[in-house]
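First the structure, in the form of structure tokens, and then the observations on it.
2 protein chains.
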Amino acid sequence: MTHASDKLRLQRQRGAFGHRVREHRLSAGLSQEELAEAAGIHRTYVSSLERGQRNVSLDNIIALARALKVDAAQLLEGI
Amino acid sequence: MTHASDKLRLQRQRGAFGHRVREHRLSAGLSQEELAEAAGIHRTYVSSLERGQRNVSLDNIIALARALKVDAAQLLEGI
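So the protein sequences, as listed, match chains A and B.
FYI, the numbering for the first sequence is 1 to 79, going by full-length UniProt numbering.
FYI, the numbering for the second sequence is 1 to 79, going by full-length UniProt numbering.
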């Protein structure tokens, strides 16, 4: 797989993850600020990860899931 | 939650993830070296993440899942 297609695949995966977090956040009725506070993550980080611009760590994936009251696995479904 | 209990929780989570990767690797009949190569990750990184010593990134979680031929969500089930 070429470097370019690799990069595209990674961007698509991060975008899918960001979209999933946003979906759960909205259905939980939380603002980005409220999610960030509950997860112990900076608000601007939540905003950029929802836009698919972050290679989020395991610790933060689990902190986000806890704050959204979903299983961490649910944030990766179908990705 | 105190800093110490936070640290313990993170270690427990990383350990559970490492254990899950190891389980899938063994049932796929792969050595750490073979998994590392298939996932495009260094062998020593696979060894330390299986021991729960790594805060693995989203990109690497997905690369590991692809190499193990499982969904990324399966690597986070129950964590």
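Note that beta-carbon positions come from the ideal geometry of N, C-alpha and C, so glycine has one too.
Fair warning: this is a prediction, and the values are worked out from it, not measured in the lab.
- The CB of A/Q13 comes closer than 8 Å to the CB of L58, D59 and I62 in chain B, given here in chain order.
- Under the 9 Å criterion on CB atoms, A/I41 is classed as non-interfacial with respect to chain B.
- Residue-level contact check: A/E77 touches chain B, since one or more beta carbons of chain B fall below 9 Å from its beta carbon.
- Of the residues A/K69, A/S57, A/E77 and A/F17, the one whose Cα lies closest to the Cα of A/S27 is A/K69.
- Annotation for A/I41: no alpha helix (DSSP H) segment contains it, and DSSP assigns it neither H nor E.
- Within chain B, the residues D71, A72, A73, Q74, L75, L76, E77, G78 and I79 have their CB atoms less than 9 Å from the CB of A/A73, given in chain order.
- The C-beta separation of B/L49 from B/G29 comes to about 19 Å, leaving the pair out of contact by the 8 Å criterion.
- A/R66 has its alpha-carbon roughly 10 Å from the corresponding atom of A/L35.
- The three-state secondary structure of A/S48, taken from DSSP, is helix.
- For B/K69, there is no enclosing alpha helix (DSSP H), as DSSP marks it with neither H nor E.
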